[in-house]
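A.B. asks:
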Amino acid sequence: MKTQVAIIGAGPAGLLLGQLLHKAGIDNVIVERQSADYVLGRIRAGVLEQGMVELLREAGVSERMDREGLVHDGFELAFDGRQEYIDLKELTDGKTVMIYGQTEVTRDLMAAREASGARTFYAAGEVQPHDLKGDAPYVTFEQDGEQFRLDCDYIAGCDGFHGVSRQSIPREVLKEYERVYPFGWLGILADTPPVSDELIYANHERGFALCSMRSPTRTRYYVQVAAEEKVEDWSDERFWNELKSRLPEQTAAKLVTGPSIEKSIAPLRSFVVEPMHYGRLFLVGDAAHIVPPTGAKGLNLAASDVNTLYRILVKVYAEGRSELLEKYSEICLRRIWKAERFSWWMTSLLHRFPDTDAFSQRMQRTELDYYVGSLAGRKTIAENYVGLPYEAID
Ligand code: APR
Ligand code: PHB
Numbered sequence: 034m035k036t037q038v039a040i041i042g043a044g045p046a047g048l049l050l051g052q053l054l055h056k057a058g059i060d061n062v063i064v065e066r067q068s069a070d071y072v073l074g075r076i077r078a079g080v081l082e083q084g085m086v087e088l089l090r091e092a093g094v095s096e097r098m099d100r101e102g103l104v105h106d107g108f109e110l111a112f113d114g115r116q117e118y119i120d121l122k123e124l125t126d127g128k129t130v131m132i133y134g135q136t137e138v139t140r141d142l143m144a145a146r147e148a149s150g151a152r153t154f155y156a157a158g159e160v161q162p163h164d165l166k167g168d169a170p171y172v173t174f175e176q177d178g179e180q181f182r183l184d185c186d187y188i189a190g191c192d193g194f195h196g197v198s199r200q201s202i203p204r205e206v207l208k209e210y211e212r213v214y215p216f217g218w219l220g221i222l223a224d225t226p227p228v229s230d231e232l233i234y235a236n237h238e239r240g241f242a243l244c245s246m247r248s249p250t251r252t253r254y255y256v257q258v259a260a261e262e263k264v265e266d267w268s269d270e271r272f273w274n275e276l277k278s279r280l281p282e283q284t285a286a287k288l289v290t291g292p293s294i295e296k297s298i299a300p301l302r303s304f305v306v307e308p309m310h311y312g313r314l315f316l317v318g319d320a321a322h323i324v325p326p327t328g329a330k331g332l333n334l335a336a337s338d339v340n341t342l343y344r345i346l347v348k349v350y351a352e353g354r355s356e357l358l359e360k361y362s363e364i365c366l367r368r369i370w371k372a373e374r375f376s377w378w379m380t381s382l383l384h385r386f387p388d389t390d391a392f393s394q395r396m397q398r399t400e401l402d403y404y405v406g407s408l409a410g411r412k413t414i415a416e417n418y419v420g421l422p423y424e425a426i427d
């Protein structure tokens, strides 16, 4: 079997890249380890930056998002008994974010791919990229007991943090940067009306809490928990009580509770690998970097990597600009590191760290007070939250 671009992984990165390339007339095949239903069963992010929204429109998969997605003009920061509004729209000359779940983005991309007739192999086993340094790379895998070989010009490693792509690059070539935080987020999904029209990020002495949503009838709430907590120990009742205890009083009084439809604990990690390119293999999204969810950047970074690789590949095929491939990693990393910085900063600002002393706690409170009390500070938060601009490829 032959294609131009072999894509490993059918998460949002792989599917969006596949859709954009297909629209540009560049043939691609996606090979995914799990079934489509399994991929759709994962509950992940929910805030889309404007750049990603525009990229989904360009990919022709925005019809339902534009109908059902919720445009948010800002969010609340709650700390020290205060509730402060960060007016994203006003602070960034009109930019906003879109609330639309990663699951829905994935569903729309899968539907578009199916309609386009582009080839996708789900439930593929033993996926392995080969000959990355040569000019004829290929991917092998099996499906239903049958062996496949996919010859290609380039391989896009869109297979997430635990995927095979990054692991196929010799260790000595890569430099890894990592920080593991001493806590996780316990999240629940519930069919209840949101407690507030927009998101609330709360810094509380019992730990961080976040009120988010997927739609006007479906909510997503999180509380910071110790890294070793077990989800089995958290009944719905215990979760709702803990959440209420960390929210401003009037907000807690309005909170509508209900049975959870999903409950899970996610660890918090910052991770970057450099470079994101080895021969004809390009790492995209979570395969190359992880951010703690506090800045809502994980999915959006995957989209900005896709934007960069897609625009480079279009120029490679249409204009013979192969030299641009050498720039992929550095272009992506400039934006990634800034999002890493923002996510790390938001995480340090809003969480309770296990062994902080009284001085550090005062510093955290003062930093919040300073940033929300200064126009420059609020603008800094807002311009990062709505997403830094994508770099042009020329
Ligand atoms: N072979 C084929 N597919 C694989 C392999 C493999 N060896 N390993 C993993 N995969 C698949 C996973 O099953 C998953 O469907 O690759 C896909 C990777 O998808 P994601 O983990 O969703 O990563 P990505 O597409 O980069 O999306 C970015 O943003 O909100 C954040 O972390 C969140 O998922 C999110 C991400
Ligand atoms: C979510 O809705 O899942 C969500 C929202 C904002 C974040 C992280 C997660 O910062």
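34 is the number of the first residue of the sequence shown in my numbering; add one for each residue after it. Using N, Cα and C, we set each Cβ at its ideal position, and we do this for glycine too.
Run the proximity test for residue 158: is its beta-carbon closer than 6 angstroms to any non-hydrogen atom belonging to the ligand APR?
C.D. replies: Distance from the C-beta of residue 158 to the nearest heavy atom of the ligand APR is not below 6 angstroms.
A.B. asks: Any idea if residue 153 is buried or exposed, counting beta-carbon neighbours within 10 angstroms, 16 or more meaning buried?
C.D. replies: buried
A.B. asks: How about residue 174 and residue 64: do their beta carbons lie closer than 7 angstroms?
C.D. replies: For residue 174 and residue 64, yes; Cβs fall inside 7 angstroms.
A.B. asks: Run through the DSSP bridge pairs and tell me what residue 300 is partnered with.
C.D. replies: Residue 300 is bridged to 217.
A.B. asks: With burial defined as no fewer than 16 other Cβ atoms inside 10 Å of the residue's Cβ, what is the status of residue 144: buried or exposed?
C.D. replies: By the neighbour-count rule (16 or more Cβ atoms within 10 Å), residue 144 is not buried but exposed.
A.B. asks: Any contact between the stretch 39-51 and the stretch 65-79? By contact I mean 3 or more CB pairs, one from each, below 8 angstroms.
C.D. replies: yes
A.B. asks: Cβ-heavy atom distance between residue 66 and the ligand APR below 6 angstroms?
C.D. replies: The beta carbon of residue 66 sits closer than 6 angstroms to at least one heavy atom of the ligand APR.
A.B. asks: For residue 110, tell me which candidate among 380, 221, 207 has the shortest Cα-Cα distance.
C.D. replies: By alpha-carbon distance to residue 110, the top candidate from 380, 221, 207 is 380.
A.B. asks: Identify every run of the alpha helix (DSSP H) within the stretch 43-100, keeping only runs that are complete inside it and at least 4 residues long; order them along the chain.
C.D. replies: Annotation note: the stretch 43-100 contains the following uninterrupted alpha helix (DSSP H) runs of length 4 or greater, listed N- to C-terminal: 45-56, 69-74, 83-91.
A.B. asks: Tell whether a beta-carbon distance below 7 angstroms holds between residue 120 and residue 107.
C.D. replies: yes
A.B. asks: Between residue 79 and the ligand PHB, is there a pair consisting of the residue's CB and a ligand heavy atom that are separated by less than 6 angstroms?
C.D. replies: yes
A.B. asks: Return the chain-ordered list of same chain residues with a C-beta closer than 6 angstroms to the C-beta of residue 243, the five sequence neighbours on each side being excluded.
C.D. replies: 234, 255
A.B. asks: Tell me the DSSP secondary structure of residue 207 in three-state form.
C.D. replies: coil
A.B. asks: Here's the rule I'm using: 16 or more other beta-carbon atoms within 10 Å means buried, otherwise exposed. How should residue 253 be labelled?
C.D. replies: buried
A.B. asks: Short check: CB of residue 289 to CB of residue 250, under 7 angstroms?
C.D. replies: no
A.B. asks: Quick one: Cα of residue 374 to Cα of residue 209, how far?
C.D. replies: 16 angstroms
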